Every structure is written in C-alpha cells, then in structure tokens.
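Below is one structure; the comments refer to it alone.
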Amino acid sequence: MATTVTIEPNDKMADKLFDIIRSQSLDVKIKLQRLLSKDIDRQKKEEILSGHVDKPYSLDELYGILNHDDGLSYKEMRDEYLKDKYQL
Numbered sequence: 352m353a354t355t356v357t358i359e360p361n362d363k364m365a366d367k368l369f370d371i372i373r374s375q376s377l378d379v380k381i382k383l384q385r386l387l388s389k390d391i392d393r394q395k396k397e398e399i400l401s402g403h404v405d406k407p408y409s410l411d412e413l414y415g416i417l418n419h420d421d422g423l424s425y426k427e428m429r430d431e432y433l434k435d436k437y438q439l
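Structure (structure tokens):
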C-alpha cells in the first residue's frame, strides 16, 4: 500500500509536467530530452557508486523469505544450499 501512495504523486507530477512540455516547440522538447538524459545518467551513476540500487528480489531470495529460514541470512542459506547441492 505504501508503494501506491508514493507512485500516485509521481504520476500526477509527471502528467502535469508533460502537459506543460507538450505545448512547447520541438527545439525546446529536444533540449529538455537531452538535459533529462544527462540528469538520469548522472543519477544512475550516483546510485551505483553509493551502492544503493533498488532491484527486485531474485527467486532464491523470495524462496528464503517465504519459507522457514531458521534465522539464517540469505548468504548463509545460499552457502548451505550450495554445500548440499555440490558437496562443497
């Protein structure tokens, strides 16, 4: 539910900005596109460098969340699984 709350204002803001941009000339739209592209690339690099990149859970991570995990971390469960599977 919290995700819905944060997405709705973003969608509304994007729609309002798009309405403003839609009436501009092609040159202005192209310039905005270039500026936004640079800004997006910069933000992606900052997120990668900071180590804070939101990504969806993998199936293995979801498996550990949904099943009883005995209080083990994902890494510990993965290591245990690999030991059992490959006799490491």
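One gets my numbering by counting positions in the sequence shown from 1 and adding 351 to each.
For each residue, glycine too, the CB sits at the ideal point set by N, CA and C.
Quantities reported herein were computed from a predicted structural model and do not represent experimental measurements.
Boundaries of the alpha helix (DSSP H) in which residue i is found, first to last residue
i, result
"Gln-438", "Looking at the DSSP string, Gln-438 is not in any alpha helix (DSSP H), and its letter there is neither H nor E."
Beta-carbon proximity list for residue i, same chain, < 8 Å, skipping 5 on both sides
i, result
"Asp-362", "none"
"Lys-389", "none"
"Met-352", "Annotation note: pLDDT 46 at Met-352 (below 50); position unreliable, coordinate value reported separately. For Met-352, where only same-chain residues beyond five positions count, there are no Cβ hits under 8 Å."
CB contact flag (residue i, residue j, <8 Å)
i, j, result
"Ile-391", "Lys-380", "no"
Closest residue to residue i among the options (Cα-Cα distance)
i, options, result
"Glu-412", "Asp-366, Lys-436, Ala-365, Asp-430", "Asp-430"
Cutoff 7 Å; reference residue i; Cβ partners in own chain excluding five residues on either side
i, result
"Asp-447", "A question about residue 447 goes unanswered here, because the residues of the chain that appear run from 352 up to 439."
Short CB-CB distance (under 8 Å) between residue i and chain C
i, result
"Leu-386", "Given the protein chain composition of this structure (a single chain), no chain C is represented."
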